[in-house]
Every structure is written in C-alpha cells, then in structure tokens.
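Going by my numbering, the sequence shown opens with residue 1434, and the numbers climb by one from there.
Yeah, the Cβ is synthetic: ideal placement off N, Cα and C, and Gly gets one too.
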Amino acid sequence: MKHILFLILILSFSNFNFAQSNVEQLVLEKVNALRDSLHLPKLKYDRLLSEAGKDQAFYMIGKKKLTHFQKTFTKETPAARVEYYKGNRTYVGENVAKVPIPYFKKDSMDESKLAQSLFDSWFNSPPHYKNMIHPNFTKMGLSTVAANKKQMYAAQVFSSNEITLPKAFKNPERSWGVRPSEFSCKDEKTRYETMFFANSIVVEGDSVYFYFHDLKFFRNVINSDNDGLALDIILREQLPCDKENQFHISTIYDGEMQRPIYKYDIYRKDESNNPKKIKIKLGVVPDHLKNKQWEPNIIIINDNKLCDYSYPVEVPSAIFPLLKLKPYFDTNDSINMPSSSLVSKITDSIHVELMYQRSQKRFNSLDLDEFMRLLSWSQFINKVNVDCFASVEGATWFNTRLLEDRTKSVSNLLKTNGFDLNRVHITSAENWVEMNAQIQQVSLENLKHKTKSQIKYFLKKNKTERLDSLLFNQRKTHIYATVDTTLELTNYTQYKFASYYDSTLNINLLPLNKILREDYILANNEIEVSLIDLLKNKTELKTNLLGAAAIKQVNGYLDSNTVIQLLSKLDHSNSEQVFNFSHFLTKYWFSHFSNSYETKGVAETITPDELLNLISTLDTIKVKSKDIDRLNVNVLLAGIHYYVAHNNWQPVDDYFNTIAELVKLDNFTAEEARELALFCNHFHKFKVAVKILHPFHENKSLSENGYFVLAKTSTLIRTKLEQTDYRNYMASAKKVNHSRYCSWLDKAFQIQRDEFIKKDFCESCQ
C-alpha cells in the first residue's frame, strides 16, 4: 500500500517536469561549498538518508505543517527514521522547509532557484545552519515533494557514518576481538575505580549513551588508541530463582556484547559540550531485546583486553547543603553607639491607580509599587481621597450601579489593608472631565460640540482600538494620600527608605552593631547587599557584619571586590570574629562552586587548607567545641567544591576521609550522616559513605531512608566490604520496609548476582 500511495502522489504532479536528484545534487554542492569555506570535510550523498527525508516530507504534507516529529511507530524522530530504513548512525540531524515552487516557464520548475531557496532558508536559520556545518556529519540526503503547484516540502537529513551492530543473542562467542588479560590491567599505581561506570549509562529511546562527570579521570582510563568501552546487555531471565545465574561462559561478557567504541571515536563524538564532562553514544538496543527486561552493562577495555566489568546499581546522591551553624556576635554596642539619634523629616504624596476592564466591577490590576508605599506609610496618613470613575460610553443607569460596586470594592481593599474608612473620602462619577480633555488633546473632531447623549451614541456605534484606549483611561480609580511626618530611624530598612527623600542622612548615626546583631543574626534574616557595601570597611563591626553576611544565601550576590574587602583586616585574636569569618567564607565557596565549577568572577581568598589552620587556633572557651567540629566539616564540604573547581584533586580524597572521622564524634545526627553519605555518593566516594553510616547502623539510629542509602551504596562496593557487614546492611533495609526492599531488588535485578541475596529474594519476595 505504501508504494501505491507513492505512485499516486508522483503521478498527480508528473506535469511538473523536474528531477529531484538534480535538486539534491545542487543543494549538496552548496552545503559542501559552505563547509569547504569553513575547512570542514565535505558531505557525501546518502540514498538511505534521502529515503528517510522523503518519508518525513510526505508525512508533513499529510499533516500540513513543518515538524521533525512523527506520530508513527518506529519513525517518531529523525534518528528513528534513519534506523527504520536500515541505518545505524551515531549522529543524525534533520532540516525541514516549505518553500514556493519557482518556475522559469509554464509548468516547468526552476531547479536552480529551488535549490537556492532551500539553501538560503536553512543558511539564515541558526539551528538549521548548525546542522549544515556540524563537524560530526559525513553524509546528507534530501527529498523534495510538491504539496501542490505552489508549495514544496523538503526534508534534508544528515548523519555520521554507518556502524554495524550485533543482531542476535545466539552467537556463542562474539567478543569483537577483545581478549582476556593474563595480568590485571590495573596495578596499584594506575588503579581506576571503574565499577560505577555503568551507573553513568543513560537510555534515550533505543539508544544507549554514556555520560560521565569527570573528563580528567575518564581520560586516565581511556588514554590509548586500543582503549574503549562496550555494552553488554543482560536479561532478567538470566537470573532465575530455580537455578544458578545463567551468564555466558565468555570471560569478556555475560549476555550479548555490542560493538566496542574506541578512543578516537569516543572523543571525536563527544556530545557533552562541556570541557570537563563527556557524553557519547555507545550503541542501540537490538530489536529482539527491546521487549525484554534488560539492563546495559559496560565492559572497560584497555589495550584491547578486558580491564573491568561494571553493572548499574541505583545509588542515591545529592549535594549536601552544609551543616547549620549560628554565628557568634559582639554585644559591645559602645564601640558604635552614636551620640545622637537619626531623625528624618519626610513629606511625600502618593497616587495609586486601579485599572478596570469594560463593565468590570472589581479592578484587575493596580500600581503595585505605589500601593506598597501607601501601605508602608499608612500609620502616618491622616486622610485618603479616592476618585472612582466609570467611562462615559455606557448607559447612565448602568454606570451608576457599576460605580456603586467599584466604590465598595475599593473600600474593601483599603479596609482589608488596615485603613480606617473614617479617614477615607470617596467620590464617584462618570468621567466627563477626562472625556472632554481627551476630545481636545487628541482632536476627536467627531465629538466636538456634541451633547453627552450624542457622545454616548457615537461611542456605542464606533468601537476602535484608539477609542477603547481612551475609555480605559477614563475608568481608572485614583487613590491620593499625603505624608508629612518626622521619623526617628532605628534600623537599616527605615534608613534606606528615608534616604529616598533625604540623601544627606548619615548612616553612622544608627546603632549599627546592634542592628547587625538583632535585625539579622538573631532574627535569622538575610542582610541586604547594599548594607554590606556600606559597612565592609568598618573593622569595629567586623564580627557582627561577617555573622550577618553568613545568614542564608546573600553570598551568591556579592561581587569579588566586596568579598575581599569584607575579609580583610581580620582580628586573629578574636575567636568569635574568626569563627564568623570562616562560616562566611565556606558559604561563599559553596554558593559559587556547588552548582558551577567556574572560577571566573569569584574572589581569590585563602585556601581551605589555610582556613582549617586558622580554625585550629580558635579559643574553645569562647567558641564551643561542637561548633568548631561542625565548622570544620563545612570547610571540608565547601573545600571539596573549591578544590574541584580549581582542578586540584589531591586534597579532595583527604577531605572525604577527614569528614568520615569527624562524623564519628557525637556532634552529628543520623539524618546529617545520611545527607553526608549522599554527598559522598555524588562524588563517587562510596566507601566513605558506608564508613559514615556504619556507626549509625550499629546503634540502630538510621531512618528508613538512611538504611536504604546504606544498602544501595554498599551493593555497589560489596566485593570490598566484609561479607557479614554487607548482608547485615541488606537485612536491615528489608526489615525496615520489606515491600520497598523487594521492589528495589526486582527492578535492579543484577543485585541478585550475589547468589545469597538472590536466594533470600526468591524465598522472601516471590
């Protein structure tokens, strides 16, 4: 049926007298000329890609729209369509277009102009242009199909070279030339923790990608021409309950091994667009396995020999948000107490506008800034005047009723926000004053010298955008208030507000040390960046200023110059100040480096190692030992992000081990230990995560989530743990939530590679 439809469509437009292959060739020449100008390899014509493009062109004609998507099984995306036509390509791209059909004489299409029109439409569109110059594309196909005598649909498909994938799980020995190693490919000097590589697999449709967070580490593993990765697909039925696990006898793979990808293609086909990460397409799941319960494993290859074998295990991870700490504060206000109070005379007028749509009883928007000023000054306002209007175009009786409703609405608004209605005077009317002014101002000649009735009739019969805009202005409600008061300023918010009216106010007349302590540190309020800017050079306020700056997340908004000045002139003899300095600095590092490892624009400070040395000098009489321990952990946590951003990995391992030792102290809860373990997992420090959680497991203080974090993490490194410990962790998870445990092992079925765990699962979960 498909071929019959194709013939009918072609015959319907047979009088067009054009050769599609000529258009393809002309467009290909233009694309290759562009690529040649950019010193990129030329593309080769590929008939398979043209078939995929033709499929999409006909689909778009049927749907009468441009799209890259098809609501058809196996052909949803450009890559899926290439695969449908028996292609296996790593990269696939598609440009689509709809252009007018050019003619040079009646019923004779101008192929040259059509090719130029298609090329120009894609050349002038950034995403389409990117496809034409993509360095990973080596082939191109193009299909143009006429929708009628005026419109042409086109689909231009790009791809990289064809790859061959294994087709069956039946071949008894297909290791693609990879051989077992007589000796371990990893010695103590170059040992790589590759057991978690399979956790970096991402399945997108039928394609399997490998995404890894640390390109430097990955390059240590894949560093020569014969180093690479390969997929091994395992089926759920290979781990049956009634017999031992059914893995292939091969020493290289357990299920069906896919074609390996080696160093050259790995780095050439990196899709991560990130200099510190890598993302590559490893392969496509074979058709005969798609409907099976399967998992993809990774074979790590060094010098074309088996190096390691990794299977996925669900390991929860997260960025730890730093331990909560309360800053210390200076209670000596005499160092900053002004001799006189700060007083400001404030005179101001406030005008709030409420906007209405035609015939609307309640306003739909208002001038929020002015309304907030009205509320902030409410206690100093003696009288509020409200002018409530209706636009003049409606019937008088209708406007009278409408004004009653609008008057009630604005009264409720003011009453709800604390205004005494005895201080509110409201007038209401049709807005003829504004109407007459508009007639003169915008020269409404048709309305001059007309009676009100005539004007109403004209507006009813003549509705235009211009008149509607004028009427919209007529129906606004106006709230007027006047402020005339003298204020004694006692906090920074009042000072900042009063400075709007009086730029001569002297902030030094405020009790700054007290404000920093009470309004920010004790109240746990985030300090304004503007206040930090004003006070950053005042050494006498350093303790409380640093403490206030460490509250919540203000650090992320500070520029590097402000941070440097804030951290300067530290009093090393003042333990409270040193504590606040350290607390602030860890939050500053964390705010910048926990989400991005970009060092540009971040203040150059002392290093985490130097900060740890400084903390070691704290006086434990003035600063609690418990707070020092928690501060040290925060320095280590933020320091890990700091050193990763600075590409210095040696301190990172030491810091994780130190964290594990500090958590053994009595200053941490089981929930904090769980969160720290998640943080360790984020950086693939699984042994440290287990080490942190183990004591809490022993004293049975973990939450349900804590037991499962421990079980899942230990599963990944079970061969490096005491067998008894590992089985105890698993038993604890099962005990705390049997159903959750069984569901987890059923979904992540390769955990049952451990015959003991599988036997327990089969007996207690089936």
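Looking at the unbroken beta strand (DSSP E) that takes in Asp-1992, where does it start and where does it end? Within the sequence shown, residue 1992 is the residue found at index 559, counting from 1. It is not in any beta strand (DSSP E) - Asp-1992 carries neither H nor E in the DSSP assignment.
Closest Cα partner of Ala-2164 within the set Ala-1512, Ser-2197, Glu-1509, Ser-1743: In the sequence shown, the residue the question calls residue 2164 occupies position 731. Nearest of Ala-1512, Ser-2197, Glu-1509, Ser-1743 to Ala-2164, Cα basis: Ser-2197.
Measure the alpha-carbon distance for Phe-1502 versus Leu-1482 and round it to whole angstroms. Within the sequence shown, the letter at position 69 stands for residue 1502. Within the sequence shown, the letter at position 49 stands for residue 1482. Answer to the nearest angstrom: the Cα atoms are 16 Å apart.
Tell me the residue span of the alpha helix (DSSP H) that contains Val-2123. The residue you call residue 2123 lines up with position 690 of the sequence shown. Counting along the chain, the alpha helix (DSSP H) containing Val-2123 begins and ends at 2119-2131.
How would you write the range of the beta strand (DSSP E) that Ala-1587 sits in, first residue to last? Within the sequence shown, numbered from 1, the residue matching residue 1587 stands at position 154. Here the beta strand (DSSP E) through Ala-1587 covers 1584-1592.
Starting from the C-beta of Lys-1475, find all residues in its chain whose C-beta is less than 8 Å away, skip the five residues before and the five after it, and write them out in chain order. The count along the sequence shown starts at 1 and reaches residue 1475 at position 42. Closer than 8 Å at the Cβ level, and outside the excluded window around Lys-1475, lie Asn-1465, Arg-1468, Asp-1469.
Asn-1656 burial status per 10 Å Cβ neighbour count (16 or more: buried): Sequence index remark: in the sequence shown, residue 1656 carries index 223 (1-based). If you draw a 10 Å sphere on the C-beta of Asn-1656, you find fewer than 16 other C-beta atoms in it, and that means exposed.
Counting Cβ pairs, one atom from each stretch, are 3 or more of them under 8 Å apart for the segment 1774-1782 and the segment 1905-1922? The segment 1774-1782 is in contact with the segment 1905-1922.
Going by DSSP, what residue range makes up the beta strand (DSSP E) through Leu-1808? As a working mapping, residue 1808 is identified with position 375 in the sequence shown. Segment 1801-1809 is the alpha helix (DSSP H) holding Leu-1808; no beta strand (DSSP E) there.
Do Asp-1687 and Asn-1735 have their beta-carbon atoms positioned less than 9 Å apart in this structure? Here residue 1735 refers to the residue found at position 302 of the sequence shown. Here residue 1687 refers to the residue found at position 254 of the sequence shown. It is not a contact, given that the beta carbons lie outside the stated cut-off.
Bridge partner(s) assigned by DSSP for Ser-1705: Here residue 1705 refers to the residue found at position 272 when the sequence shown is read from its first residue. Answer by DSSP bridge pairing: none, since Ser-1705 is not bridged.
Smallest Cα separation from Tyr-1925: which of Glu-2009, Ser-1963, Leu-1904? Here the question's residue 1925 lines up with position 492 in the sequence shown. Per the Cα distances, Ser-1963.
Less than 8 Å between the CB atoms is what I'm expecting for Val-1654 and Leu-1715, so what's the real figure, rounded? By 1-based counting over the sequence shown, the position of residue 1654 is 221. By 1-based counting over the sequence shown, the position of residue 1715 is 282. Between Val-1654 and Leu-1715 the beta-carbon gap is near 15 Å, outside 8 Å, which marks them as no contact.
Does the beta carbon of Lys-1975 come closer than 9 Å to any beta carbon on chain C? Absent here is chain C; the protein component of the structure consists of one chain.
Taking Arg-2173 and Gly-2139 to be in contact with their CB atoms under 8 Å, please state how far apart those CB atoms are, rounded to whole angstroms. Here residue 2173 refers to the residue found at position 740 of the sequence shown. Here residue 2139 refers to the residue found at position 706 of the sequence shown. With a contact defined as Cβ atoms closer than 8 Å, Arg-2173 and Gly-2139 miss out at about 13 Å.
Can you tell me where the alpha helix (DSSP H) holding Trp-2082 begins and where it ends? Residue 2082 sits at position 649 when you count from the first residue of the sequence shown. Note, Trp-2082: premise wrong, no alpha helix (DSSP H); not H, not E.
Runs of 3 residues minimum, wholly inside the segment 1814-1893: which ones carry the beta strand (DSSP E) assignment? Entirely contained in the segment 1814-1893, the beta strand (DSSP E) runs reaching 3 residues are, in chain order, 1817-1823, 1857-1863.
DSSP state of Glu-2014, grouped into three classes? The residue you call residue 2014 lines up with position 581 of the sequence shown. It should be pointed out that residue 2014 corresponds to Phe in this sequence rather than to Glu. Annotated three-state conformation of Phe-2014 is helix, per DSSP.
Helix, strand or coil: which one does DSSP assign to Arg-1791? In the sequence shown, residue 1791 corresponds to position 358, counting from 1. It is coil, neither helix nor strand.
Could you check whether Asp-1658 and Tyr-1700 sit closer than 9 Å to each other, using their CB atoms as the reference points? Indexing the sequence shown from 1 puts residue 1700 at position 267. Indexing the sequence shown from 1 puts residue 1658 at position 225. In this structure, Tyr-1700 keeps its C-beta atom at 9 Å or more from the C-beta atom of Asp-1658.
By DSSP, does Gly-2139 sit in helix, in strand, or in coil? Looking up residue 2139 in the sequence shown gives position 706. Three-state DSSP puts Gly-2139 in a helix.
Roughly how far, in whole angstroms, is the beta-carbon of Lys-2020 from the beta-carbon of Asn-1988, given that I think they are within contact range, below 8 Å? Here residue 2020 refers to the residue found at position 587 when the sequence shown is read from its first residue. Here residue 1988 refers to the residue found at position 555 when the sequence shown is read from its first residue. With 8 Å as the limit, Lys-2020 and Asn-1988 qualify as a contact, their Cβ atoms being about 5 Å apart.
Would you mind working out which of His-1646, Asp-1639, Phe-1630 sits nearest Ala-1663, comparing C-alpha positions? Translated into the one-based positions of the sequence shown, residue 1663 becomes position 230. The shortest Cα separation from Ala-1663 among His-1646, Asp-1639, Phe-1630 belongs to Phe-1630.
Any chance you could list the beta strand (DSSP E) runs of at least 3 consecutive residues sitting entirely within the segment 1732-1790, in chain order? Within the segment 1732-1790, the complete beta strand (DSSP E) segments at least 3 residues long are 1738-1743, 1775-1788, listed from N- to C-terminus.
To which residues of the same chain is Gln-2199 closer than 7 Å at the C-beta, ignoring the five residues directly before and after it? Start at 1 with the first residue of the sequence shown, and residue 2199 comes out as number 766. Only Cys-1674 meet the Cβ criterion.
Assign Val-2068 to one of three DSSP states: helix, strand, or coil. The sequence position of residue 2068 within the sequence shown is 635, counting from 1. If DSSP states are grouped into helix, strand and coil, Val-2068 belongs with the helices.
With a threshold of 7 Å on Cβ separation, who are the neighbours of Ile-1960 within its own chain once the five nearest residues in sequence on each side are excluded? To locate residue 1960, count along the sequence shown from 1; it is residue 527. Taken in chain order, the residues that qualify are Tyr-1953, Ala-1981, Ala-1982, Ile-1984, Val-1987.
Sequence-distant residues of its chain with Cβ nearer than 8 Å to Asn-1850 (five each side left out): Taking the sequence shown and counting its residues from 1, the one referred to as residue 1850 is at position 417. Taken in chain order, the residues that qualify are Leu-1808, Ser-1811.
Is any heavy atom in the ligand HEM found nearer than 8 Å to the beta carbon of Arg-1522? You won't find the ligand HEM in this model; it holds no ligand whatsoever.
By DSSP, does Lys-1714 sit in helix, in strand, or in coil? Counting from 1 along the sequence shown, the entry for residue 1714 is found at position 281. Lys-1714 falls in the strand class under three-state DSSP.
First through last residue of the beta strand (DSSP E) which encompasses Asp-2201: The structure shown has nothing for residue 2201, since the chain only spans 1434 to 2199.
Own chain residues within Cβ distance below 6 Å of Ala-1512, not counting five before or after: In the sequence shown, the residue the question calls residue 1512 occupies position 79. Excluding residues within five positions, the ones whose Cβ falls inside 6 Å are Val-1525.
When the Cα atoms are used, what is the spatial distance from Asn-1906 to Asp-1838? Residue mapping note: residue 1906 aligns to position 473 of the sequence shown, counting from 1. Residue mapping note: residue 1838 aligns to position 405 of the sequence shown, counting from 1. In this model, Asn-1906 and Asp-1838 are separated by some 18 Å (Cα to Cα).
Run through DSSP, which three-state label would Gly-1980 get? As a first step, residue 1980 is located in the sequence shown; it is residue number 547 there, counting from the start. Residue state, collapsed to three classes: helix.
For Ala-2103, which of Val-2123, Thr-2091, His-2115 has the nearest alpha-carbon? Working through the sequence shown from its first residue, we reach residue 2103 at position 670. Looking at the Cα atoms, Val-2123 is the closest of the given residues.
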